[in-house]
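Structure first, then comments.
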Amino acid sequence: MRRRLPDDLPGALRRAVRRRVRIDARSLALFRVALGSLLLADLLLRSRSLHAFYTDDGVLPRTALLAQHGPTHWSLHLASGEAWGQALLFAVAGVVAVALAVGYRTRLATAVSWLLLVSLHNRVPDVLNGGDVLLRLLLFWGLFLPLGARWSVDARHREPDEEVAGDYVAGVASAALLVQVVALYLTNAAFKLTGDVWVRGDGLRYVFSLGQFTVLLGERLGQFPALLHVLDYVWLVTIALSFALLLLTGWPRALYAVALMGMHLGMVVTMRIDLFPLVSVASLVPFLPAAVWDRAAPLADRRPVRALDRWHRRLADALPVVRVADVPPALSRVASRLSSAVVVVFLVLVVLWNVQFLGAAEVVGHEPVPEEAEPALQVTGTDQYWNMFAPDPLSVDGWVVAPAQLPDGSRVDAYRDGSVDWDRPEDVSSTYPTARWRKYLVGLWRYDTADRRQFAAYLCDRYERRHGVRPRRVTVYFVEQPTVVGVPDDDEPTERERLERHTC
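In my numbering, the protein residues as written are 958 to 1461.
Have a look at this one:
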């Protein structure tokens, strides 16, 4: 028997779309907590290199940054080149991140966190990774969502007769957040499919043969090529079909999201890529439907959860209640429509921005994103490029050696602060102080820019500060070691590429 179409087909379609773009209020609450926690962790990790990356005595003084970028490049962190000025901005951002995590003045905390994060990113663009871009995008879309509706100080401060948000959000803002996450996976999959290495199943073998990335279990995992071959295809198929996250509902959607979360958590114990895996996990939280929270409801009676609830209640009682004056209904409607219009415009621009990197310009004969719109994406930090390990992973491993000649004629390595050694280190990843240092130094090798001279000058100054002796000159090399799958690292040849020779 043929099934009849619903009499109210437009209404049925609207309901189907709403089911797929709605986000449970409890998922939004956990999403908010994750964002605040990640912001705080990010600030703590960055603070280890505050002097090197964010002051005028570091690798990128403000004058050098301004000489490289155009008028759309802004940063509050350019207000001071001193360590104390940067530390103050870091501290403010940390306080606001905590406010976001606990849900105190949530919308304001989200806006300030987003503003300070974009500012921080613009101060030193060369150390950013995909996790940084994703985090600022999640904050941007979070501006338009009721992140403080549940499990927040704001919710505890709400008056009994005050309007309460519903159990879920379904609108253009929720759709934009979900589409953004899926766009990341689809774009990255498309990039990988244009290459050869991932398609033939060798992508992960190359990734785990790069000593600069592998940590913990990653070093052991590289010894199982057959397993990596299978995992390569599992990962590629999973992200290529990630559009299913927008089509599925209920438990199927939850299981798909949890599967992706598990894969990202696997990156934490195998790869040194900063907070990217955890930010990715946070981005998938909004896909958790009501069924997950309904099943988890009995956990609310557990002792740790009750203790957390008591702590949160005491915190809400301790914080001052801030009442915002009632907005006239007419003005509220105008603001709501304007907010929705902004979301729609940026959602369209973001989708077109991602499409244009996939060869759309060759199909339609012009760039999908109008040239006039690009500054808006750049100023707001919504420009994005998801080419992580794509179209092919790096096929060259490497490390930095910086011989410096001292006044007495002796030579030292100004980078590693020891004797000059050209041999492959036992642990290549340990030669980079942090993942951001690796990103920065590999960038110096890949791109011939003025940053090379700035880095060499920084090494001169740093050695003098540490040892009281200023080198005569510093020469920066990147020792390249091509990765040959199946060949032990010690058997692979090395080649020295001189990046910069600088007179101190």
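Glycine included, every Cβ here is placed at the ideal spot set by N, Cα and C.
For clarity, every value in this text was computed on a predicted model and none was experimentally measured.
Identity of the residue in the options nearest residue i by Cα
i, options, result
"L1033", "V1016, S1237, Y1011 and V1312", "Y1011"
"R1270", "R1177, S1293, W1208 and S1109", "S1109"
"V990", "L1094, G1105, D1013 and V978", "G1105"
"R1005", "A1361, A1392 and L1102", "A1392"
"S1166", "G1158, L1306 and G1179", "G1179"
"D1354", "R1381, E1331 and R1419", "R1381"
"R1429", "R1162, D1378, D1405 and A1359", "A1359"
"V1369", "R1410, V1433 and L1184", "V1433"
"S1237", "V1138, S1386, A1024 and W1041", "V1138"
"V1441", "Q1025, D1251, V1299 and D1159", "D1159"
Residue i and residue j closer than 7 angstroms at C-beta
i, j, result
"A982", "Y1142", "no"
"L1134", "P1243", "yes"
"V978", "A1132", "yes"
"L1057", "A1050", "no"
"A1211", "L1245", "yes"
"L1456", "L1401", "yes"
"V1431", "H1459", "yes"
"V1053", "S1070", "yes"
"N1079", "H1008", "no"
"R1280", "A1127", "no"
"R1062", "L1074", "no"
"V1385", "Y1372", "no"
Buried versus exposed, by CB contacts within 10 Å (16 or more), residue i
i, result
"D1089", "buried"
"D1408", "buried"
"V1321", "Because V1321 sits at a pLDDT of 42, beneath the cut-off of 50, its placement in the model cannot be relied upon, and the following sentence gives the value as read from the coordinates. Classification for V1321: exposed."
"T1171", "buried"
"E1319", "Model confidence at E1319 stands at a pLDDT of 46, short of 50, so the residue's coordinates are unreliable; what they give is reported in the following sentence. It is exposed - the Cβ of E1319 has fewer than 16 other Cβ atoms within 10 Å."
"G1123", "exposed"
"H1114", "buried"
"T1388", "buried"
"Y1342", "exposed"
"L1045", "exposed"
"G1099", "buried"
"D1013", "exposed"
"G968", "exposed"
"D1266", "exposed"
"D1189", "buried"
"N1344", "exposed"
"T1339", "buried"
Per DSSP, cross-strand counterpart(s) of residue i
i, result
"Q1362", "R1368 and R1430"
"G1355", "E1437"
"Y1397", "In the DSSP output, where bridge partners are listed per residue, Y1397 has none listed."
"Y1125", "D981"
"T1460", "R1430"
"R1403", "Its beta-bridge partners do not exist; DSSP assigns none."
"T1473", "The chain is shown only over 958 to 1461; residue 1473 falls outside these bounds and no answer can be derived."
"T1171", "M1228"
Residue i at chain B interface by Cβ criterion, 7 angstroms
i, result
"Y1415", "Of the protein chains in this structure there is only one, and it is not chain B."
Are the segment 1144-1154 and the segment 999-1013 touching by the rule of at least three beta carbon pairs closer than 8 angstroms?
Judged by pairs of C-beta atoms under 8 angstroms, the segment 1144-1154 does not touch the segment 999-1013, as fewer than three such pairs exist.
Cβ contact (3+ pairs, closer than 8 angstroms) linking the segment 1338-1351 and the segment 1151-1159
With three or more CB-CB distances shorter than 8 angstroms, the segment 1338-1351 counts as touching the segment 1151-1159.
Report yes or no: do three or more beta-carbon pairs, one from the segment 1220-1233 and one from the segment 1172-1184, lie closer than 8 angstroms?
A contact exists between the segment 1220-1233 and the segment 1172-1184.
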